[in-house]
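Take a look at the structure below.
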Amino acid sequence: VSIVDCPNLTKEPLTFPVKGICGKTRIAEVGGAGPFQTLGFNSEFMPVVQTESEHKPPVNGSYLAPVNSAEGGCLLEKYSEKYHDLGCALLANLFASEGQPGKVIEVKAKRRTGKLKNGRYFRDSEEKSEDSHYASRIFFLPIEL
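The sequence shown begins at 39 in the numbering used here and counts up one residue at a time.
Structure below.
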């Protein structure tokens with residue numbers, strides 16, 4: 039675990055609409071289900087939205103992981119490549135920030151411990167995806183110094 043500069047998140051493989059995840063950070067835990075009313079099936083949802091401002095419309099860079107009970111996992115997909123709404127189900131895991139560069143906590147792990155739980159965690163989605171860009175990548179958490 040170390041403190042590093044946040045990488046530019048607008049670049050591949052993430053292509054977020056903002057460069058960083060720092061600045062007035064907030065977390066709201068309201069669940070984690072995708073917008074069933076739009077999709078028509080169950081999924082895990084990872085919203086990544088740049089809110090509208092005076093000169094810019096909102097930008098949706100969200101991801102979803104449809105639950106595939108037959109195969110026991112999920113497949114990570116970019117929600118905004120297929121859908122253009124900004125909705126979510128009654129459940130959501132929300133992280134808000136000003137989208138600025140800054141210091142983040144870098145966590146490197148050699149392996150996963152414990153058993154996979156079908157459709158429960160973002161990392162599950164990545165590991166089950168055959169063409170995942172994120173398998174064995176590093177994840178970052180913002181810090182306010």
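No residue lacks a Cβ here, since even glycine has one placed at the ideal position from N, Cα and C.
So, helix, strand or coil for residue i, using DSSP?
{"i": "S100", "result": "coil"}
{"i": "S118", "result": "helix"}
{"i": "F74", "result": "helix"}
{"i": "D43", "result": "strand"}
Spatial neighbours of residue i within its chain, please: C-beta separation below 7 Å, excluding the five flanking residues on both sides.
{"i": "S118", "result": "N98, G99 and S100"}
{"i": "G140", "result": "C44, G58, C60, G61 and P180"}
{"i": "T25", "result": "Here the chain comprises residues numbered 39 to 183, so residue 25 is not present and cannot be evaluated."}
Here's a check: name, in chain order, each residue in its chain whose Cβ is nearer than 6 Å to the Cβ of residue i, leaving out the five neighbours to either side.
{"i": "N46", "result": "K57"}
{"i": "L102", "result": "G72, S81, F83, E115 and Y117"}
Within 10 angstroms of the Cβ of residue i, are there 16 or more other Cβ atoms? Answer buried if so, exposed if not.
{"i": "Q96", "result": "Before going on, a small fix: residue 96 reads as Pro here, not Gln. Label assigned to P96: exposed."}
{"i": "F83", "result": "buried"}
{"i": "G137", "result": "buried"}
Below 8 Å CB to CB, which residues in the same chain sit around residue i once its five sequence neighbours on both sides are set aside?
{"i": "H122", "result": "N98"}
{"i": "T48", "result": "F54, P55, V56 and K57"}
State the CB to CB distance for the pair residue i and residue j, rounded to an integer number of angstroms; the pair is presumed to be in contact (CB under 8 Å).
{"i": "V87", "j": "L124", "result": "6 Å"}
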